[in-house]
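Visitor: If you read the protein sequences in the order shown, they are chains A and B.
For any residue, its number in our numbering is found by taking its place in the first sequence, counting from 1, and adding 4.
For any residue, its number in our numbering is found by taking its place in the second sequence, counting from 1, and adding 4.
C-beta: ideal position from N, C-alpha, C; glycine also.
2 protein chains.
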Amino acid sequence: MNLHIRVFTIGTLAKAAGVSTPTIRYYEEIGLLPPAHRTAGGQRSYDDDDLGRLTFIKQCRDFGFGIDQVRVLLDLSVSSSRDCTETRDIAQRHLDEVREKLAELRLLERRLEGFVTRCNVACAGGPGQDCVIFKDMVAPAKGGCCG
Amino acid sequence: MNLHIRVFTIGTLAKAAGVSTPTIRYYEEIGLLPPAHRTAGGQRSYDDDDLGRLTFIKQCRDFGFGIDQVRVLLDLSVSSSRDCTETRDIAQRHLDEVREKLAELRLLERRLEGFVTRCNVACAGGPGQDCVIFKDMVAPAKGGCCG
DNA sequence: CCTTGAACCTCAAGTTACTTGAAGGAGTAC
DNA sequence: GTACTCCTTCAAGTAACTTGAGGTTCAAGG
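Structure, rendered in structure tokens:
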């Protein structure tokens, strides 16, 4: 209970929030963070409120929200109505996107697995084989490598 | 058997390979495609070899390979040794990356699910609740929204 | 032959979310 | 005072294209 007012340099704030110092300057530049207070020498100076805001941003980014979505979430976070349903809708849409991406990646994983497997089967003897991967690759959607 | 020599404009080539025309110009600019032949009027002109090369590139990109990896694969595709093991190793490394990304996304999916669920539980009554998502978000790694 | 409209040309800048680098000033410890 | 780290701004780089401005070529129709 002895640190009633904590003051951060940009570097200590960065460590506390888990981001880089250029990122903090960048967030200020694009308006995610307000212009920082400055010391007499012109260096940026932060307090716990700033840490809170930055940590919030960091959490949102870790959730995969884009900068523009973070902007909306920040606005919601200070709006008087505290409209949680809007927040949930943003998160739900984002979740849908994540699931789409997951489906794509799962498909890609299977295709790559097949590719590597065919390589291993056909090229077990090492290099010098008459690998036909590249002919296969030119014919779309058939999978390739040493087929 | 009547189309022994097919000639493509950049637009028809783009459709045939499933990419955009600016993308073709971009690939030429960065050296993935050789400088195109030109008509008397200065417009680009392509043949089936170009279609083959571009289709190969497209397939690699669909596989998620980066441009630099595509460059290597293109080199391998014309190398005399046809070293399939090298090709397989590139694909294997890429597969590993895809699997890492999948793991990340699965985790993210679960976190977002929890987030949305908590929103629904706490905010079923609609807006105006005292949503505490934003306080939660400031405390890292706890999940948020209306906790 | 001439005009119209689509498709083409080049060059520059925008996109996302930062990172990296250069050149120099501020703050702190000895 | 000097050594060292951290800070400052500004510019450019990253990946892989996309978009836009302003102008040219081509094929078809009248």
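1) Once you ignore the five residues that flank Ala40/A on each side, which residues in its own chain have a CB closer than 7 Å to its CB?
2) Evaluate Ala18/B with the Cβ neighbour count: other Cβ atoms within 10 Å of its Cβ, from every protein chain shown; 16 or more gives buried, anything less gives exposed.
3) Does any CB atom of chain B fall closer than 9 Å to the CB of Thr91/A?
4) For Phe12/A, name the three-state secondary structure that DSSP assigns.
5) Taking only the alpha-carbon atoms, compute the straight-line gap between Asp93/B and Pro38/B and give it to the nearest angstrom.
6) Applying the 10 Å Cβ sphere with the 16-neighbour rule, what's the burial state of Ile28/A?
7) Let me confirm a value: Ile9/A is counted as buried when at least 16 other C-beta atoms fall within 10 Å, else exposed. Which label applies?
8) Can you pull the chain B neighbours of Gly1/A, defined as C-beta to C-beta under 7 Å?
9) Report yes or no: is there a C-beta of chain A within less than 9 Å of the C-beta of Gln96/B?
10) Assuming contact is defined by CB atoms lying nearer than 9 Å, are Leu116/A and Val74/B in contact in what I supplied?
11) Counting only the same chain and skipping the five closest in sequence on each side, list residues whose C-beta sits under 8 Å from that of His98/B.
12) What residues from chain A crowd round Phe119/B, counting only those whose CB sits closer than 7 Å?
13) Output yes if chain A places a C-beta closer than 9 Å to the C-beta of Thr16/B; else output no.
14) How would you label Asp54/A, buried or exposed, when you count the other beta carbons within 10 angstroms and need 16 or more for buried?
15) Ala107/B versus chain A: which residues are under 8 Å apart at the beta carbon?
16) Give, in chain order, every unbroken run of the alpha helix (DSSP H) that is at least 4 residues long and sits entirely within the region 55 to 103 of chain A.
17) Determine the contact status of Leu36/B and Leu78/B, defining contact as a CB-CB distance below 9 Å.
Guide: Working from what's here:
1) Cβ neighbours of Ala40/A within its own chain (closer than 7 Å, five residues either side excluded): Glu32, Arg48, Ser49, Tyr50.
2) It counts as buried.
3) The beta-carbon of Thr91/A is placed less than 9 Å from the nearest beta-carbon of chain B.
4) Residue state for Phe12/A is assigned as strand, using DSSP reduced to three classes.
5) C-alpha separation (whole angstroms): 27 Å.
6) The residue in question, Ile28/A, is buried, as its Cβ has 16 or more Cβ neighbours within 10 Å.
7) Looking at its Cβ environment, which holds fewer than 16 other Cβ atoms inside 10 Å, Ile9/A is exposed.
8) Given a span of 5 to 151 for chain A in the structure shown, any question on residue 1/A remains unanswerable.
9) With 9 Å as the cut-off, Gln96/B counts as an interface residue toward chain A.
10) In this structure, Val74/B does not lie closer than 9 Å to Leu116/A by Cβ.
11) Closer than 8 Å at Cβ, skipping near neighbours: Phe67, Gly68, Phe69, Gln73.
12) Close partners of Phe119/B in chain A (Cβ separation under 7 Å): Ala95.
13) Answer no: the Cβ-Cβ gap between Thr16/B and chain A never drops below 9 Å.
14) It is buried - the Cβ of Asp54/A has at least 16 other Cβ atoms within 10 Å.
15) Those do not exist, as Ala107/B stays about 10 Å from chain A at its closest Cβ, beyond 8 Å.
16) With a minimum length of 4 residues, the continuous alpha helix (DSSP H) runs that stay inside the region 55 to 103 of chain A are 71 to 82.
17) Taking C-beta atoms as the reference points, Leu36/B and Leu78/B count as a pair closer than 9 Å.
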